[in-house]
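Here's the structure, in structure tokens; my notes come after.
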Amino acid sequence: MTLCRTKKFFPDLKAKDEGCGNVILSEVIEVTDLTYNQLMNRAGELYRNGEFLAAYDLVTRNSSKVGGNAAQLLNFRYCFACRAGGPGLAMNIMKEAVIDRGFWYSYEYLISDDDLQPLRDLPEFRRMADICKERERAAKEASRPGLTVVLPESD
1240 MTLCRTKKFF PDLKAKDEGC GNVILSEVIE VTDLTYNQLM NRAGELYRNG EFLAAYDLVT
1300 RNSSKVGGNA AQLLNFRYCF ACRAGGPGLA MNIMKEAVID RGFWYSYEYL ISDDDLQPLR
1360 DLPEFRRMAD ICKERERAAK EASRPGLTVV LPESD
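Residue numbers (our numbering): 1240 to 1394.
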């Protein structure tokens, strides 16, 4: 794992140091040979420490390098972006997940998660939540219990 010190601008996010409408993230974490679980664990650690921009940047830079759950990676990205003060960026990522990629998230989660509070009054957020609600309903309706038993082959 390496740390790369550089500057990255997030024009959609509220200024922290600059006062000019851009946030400068002075330490961008560039990680190599990271597994999906390691990425999620590191991002969670940054989040718990209140380093929302760093968590966003870490997941954004590394999500295409790891396998794993693409819906969850996008979910982390839009939550981190929102917590970092970028509701427009968060909505764009959510639209990518829901509209472009066809993912859905629990309606109850979307309307209750504290990370998404700044989005709740946006008409576009309500539209995404309604789409997810319908997809969740359809998935529940189509689901059927089942059990597959795989026995070892005998020699």
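Even glycine gets a Cβ: it sits at the ideal position worked out from N, Cα and C.
| In terms of residue numbering, what span does the alpha helix (DSSP H) encompassing GLY1327 cover? | Taking the first residue of the sequence shown as 1, we reach residue 1327 at position 88. For GLY1327, the uninterrupted alpha helix (DSSP H) segment begins and ends at 1326–1334.
| said: If you follow the alpha helix (DSSP H) that SER1351 is in, where does it begin and where does it stop? | reply: Translated into the one-based positions of the sequence shown, residue 1351 becomes position 112. Element bounds for SER1351: 1346–1351.
| said: If the criterion is Cβ atoms closer than 8 Å, does the pair PHE1319 and PHE1291 meet it? | reply: Looking up residue 1319 in the sequence shown gives position 80. Looking up residue 1291 in the sequence shown gives position 52. In contact: PHE1319 and PHE1291 (Cβ atoms closer than 8 Å).
| Does DSSP classify LEU1312 as helix, strand or coil? | Indexing the sequence shown from 1 puts residue 1312 at position 73. Correct three-state label for LEU1312: helix.
| message | Could you tell me the alpha carbon to alpha carbon distance between ILE1332 and ASN1280, rounded to whole angstroms? | response | Here the question's residue 1332 lines up with position 93 in the sequence shown. Here the question's residue 1280 lines up with position 41 in the sequence shown. Distance between the alpha carbons of ILE1332 and ASN1280 is about 21 Å.
| field | Beta-carbon separation (whole angstroms), LEU1349 vs ALA1368, contact threshold 8 Å | value | Position 110 of the sequence shown, counted from the start, is the residue given in the question as residue 1349. Position 129 of the sequence shown, counted from the start, is the residue given in the question as residue 1368. That pair is a contact at about 5 Å.
| task | Express the C-alpha separation of ALA1336 and LEU1355 in angstroms, rounding to a whole number. | result | Here residue 1355 corresponds to residue number 116 of the sequence shown, with the count starting at 1. Here residue 1336 corresponds to residue number 97 of the sequence shown, with the count starting at 1. Using only the alpha carbons, I get a separation of about 15 Å.
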